[in-house]
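Participant: Numbering of the sequence shown is given in the numbering used here, commencing with residue 7 and proceeding in unit increments. Each residue gets a CB set at the ideal place from its N, CA and C atoms; glycine is no exception. Here the structure is a predicted model, which means the values were calculated and not measured. This structure is in structure tokens; I'll ask about it shortly.
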Amino acid sequence: MSKKILIIGSGIAGISSSLKLKSFGLESTIIDKGNFIGGRVGTRNIESKDNSNYFFHGAQFFTAKSDNFKKVIQNGINKGYIKEYGSFSPPRYRGFKSMRDFLINLSQNLSITQNVKVTNLKPHNEKISVLDDRSNIWETYDAVISTLPAPQNLDLMKKFPILKKTLKTSSYDACISLMFFFDKKPKNIPYFFDYYNQQGILNWMAAGSNLRFWTAHTKGDFSNKNINKDKILLKDKIFQEIEKTIYQLEPTIKINFHSLHIWKYAKVTNVCSGPQIDTKFPVVVAGDFMEGANIESAFSSGEKAAELIFERLH
Ligand SMILES: Cc1cc2nc3c(=O)[nH]c(=O)nc-3n(C[C@H](O)[C@H](O)[C@H](O)COP(=O)(O)OP(=O)(O)OC[C@H]3O[C@@H](n4cnc5c(N)ncnc54)[C@H](O)[C@@H]3O)c2cc1C
Numbered sequence: 007m008s009k010k011i012l013i014i015g016s017g018i019a020g021i022s023s024s025l026k027l028k029s030f031g032l033e034s035t036i037i038d039k040g041n042f043i044g045g046r047v048g049t050r051n052i053e054s055k056d057n058s059n060y061f062f063h064g065a066q067f068f069t070a071k072s073d074n075f076k077k078v079i080q081n082g083i084n085k086g087y088i089k090e091y092g093s094f095s096p097p098r099y100r101g102f103k104s105m106r107d108f109l110i111n112l113s114q115n116l117s118i119t120q121n122v123k124v125t126n127l128k129p130h131n132e133k134i135s136v137l138d139d140r141s142n143i144w145e146t147y148d149a150v151i152s153t154l155p156a157p158q159n160l161d162l163m164k165k166f167p168i169l170k171k172t173l174k175t176s177s178y179d180a181c182i183s184l185m186f187f188f189d190k191k192p193k194n195i196p197y198f199f200d201y202y203n204q205q206g207i208l209n210w211m212a213a214g215s216n217l218r219f220w221t222a223h224t225k226g227d228f229s230n231k232n233i234n235k236d237k238i239l240l241k242d243k244i245f246q247e248i249e250k251t252i253y254q255l256e257p258t259i260k261i262n263f264h265s266l267h268i269w270k271y272a273k274v275t276n277v278c279s280g281p282q283i284d285t286k287f288p289v290v291v292a293g294d295f296m297e298g299a300n301i302e303s304a305f306s307s308g309e310k311a312a313e314l315i316f317e318r319l320h
């Protein structure tokens with residue numbers, strides 16, 4: 007069965023949709039507006055000779071509950087692009103050398119184009135027409151899976167009232183990520199700080215690919231209130247918090263600011279309720295907002311979307 011299927015978004019949900027479709031014998035094309043694959047599984051690198059200095063400014067690690075995702079992880083461990091992160095119970099994992107490597111390896115045999123933004127979708131006979139900002143021409147597909155965060159997805163689904171209704175039921179917290187680095191490898195600083203149950207503006211602070219390159223994440227309430235504030239003021243406020251922790255442990259180390267990244271839709275606080283597939287047209291939404299605020303849930307939602315499309319096209 008030869009079908010033309012589009013997946014919008016090269017985050018984990020888009021990739022798992024495309025892989026699942028492939029397992030059914032269906033090829034698909036992924037397009038994404040960002041420079042890099044991965045979406046909120048974000049990696050930023052600093053040029054170095056051995057190319058091993060990375061900040062992880064989005065997701066920090068992933069876990070697996072289902073046997074299915076455990077298999078994906080075990081395969082990545084066997085092939086060397088996933089490593090266990092620390093010694094937690096249940097175990098946590100990271101892509102190796104970077105978080106992005108997880109998705110690059112997972113999607114090796116998929117067709118992915120970055121730097122193309124989908125700007126509109128509409129029903130066309132029994133199919134879906136799609137407009138993007140590169141071609142500026144309406145292109146028609148047999149089916150579309152859209153994996154943008156729910157509020158952005160809502161903008162695209164204006165002509166699909168059933169999906170609009172589903173998408174409206176989710177909510178998100180923002181997150182401000184501050185990337186920083188030390189002048190040398192620290193001696194007395196552990197590889198992460200967990201502030202989840204503590205007062206203050208930070209949620210989590212962790213080393214990236216090595217102990218010199220770090221990301222600090224702010225808590226949801228602070229992030230929601232401050233995402234539109236002046237970036238210099240924000241940087242100073244977050245930096246003060248980082249310094250408090252670091253200088254207590256290693257007073258002579260130098261902390262350098264690298265950059266700030268604002269995630270407007272970072273963490274799902276309410277998952278959607280309602281249908282994932284349109285009742286009439288072959289269009290499906292998928293992502294963490296359908297199942298839970300983490301990588302495994304986004305993966306699982308992408309697979310579900312592929313199953314729904316497969317059933318519909320039959
Ligand atoms: C700061 C932060 C920390 C996190 N920490 C963890 C963690 O430690 N562990 C964990 O499991 N999860 C964590 N998460 C959550 C996890 O990253 C997400 O649940 C997961 O990555 C969502 O994947 P997704 O494919 O659903 O969406 P996304 O990764 O958001 O993918 C959507 C893609 O759509 C693209 N896109 C958007 N609009 C368009 C358009 N119009 N046209 C084309 N493409 C478009 C985007 O560029 C993006 O690549 C964290 C998230 C953040 C932001």
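Name, in chain order, the residues that DSSP records as bridge partners for G101.
Facilitator: Note: G101 sits in a beta bridge opposite I88.
Participant: Using CA atoms only, rank isn't needed, just tell me which of R106, K191, F94 and N111 is closest to N84.
Facilitator: N111
Participant: Less than 7 Å between C-beta atoms, sequence neighbours within five positions excluded: which residues of the same chain meet that for K273?
Facilitator: Y178, D179, C181, G226 and A299
Participant: Does any C-beta atom of chain B lie closer than 8 Å to the C-beta of E247?
Facilitator: Reference to chain B is not applicable here, since this structure consists of a single protein chain.
Participant: Between the stretch 13-25 and the stretch 142-156, do three or more beta carbon pairs fall short of 8 Å?
Facilitator: yes
Participant: In three-state DSSP terms, what is E53?
Facilitator: coil
Participant: For the beta strand (DSSP E) containing L314, name the first residue and the last one.
Facilitator: Counting along the chain, L314 falls outside any beta strand (DSSP E), though it belongs to the alpha helix (DSSP H) covering I301 to L319.
Participant: Given this structure, state the Cα-to-Cα distance separating I195 from K231, to the nearest angstrom.
Facilitator: 30 Å
Participant: Within the continuous alpha helix (DSSP H) that includes F295, where are the two ends?
Facilitator: D294 to E297
Participant: Please tell me whether, using a cut-off of 7 Å, the distance from the CB of G293 to the nearest non-hydrogen atom of ligand 1 is below it.
Facilitator: yes
Participant: Measure the Cβ-Cβ separation of F108 and G92 and say whether it is below 8 Å.
Facilitator: no
Participant: Using the three-state DSSP reduction, which class does D161 fall into: helix, strand or coil?
Facilitator: helix
Participant: With H, G and I counted as helix, E and B as strand and the rest as coil, what does DSSP make of K270?
Facilitator: strand
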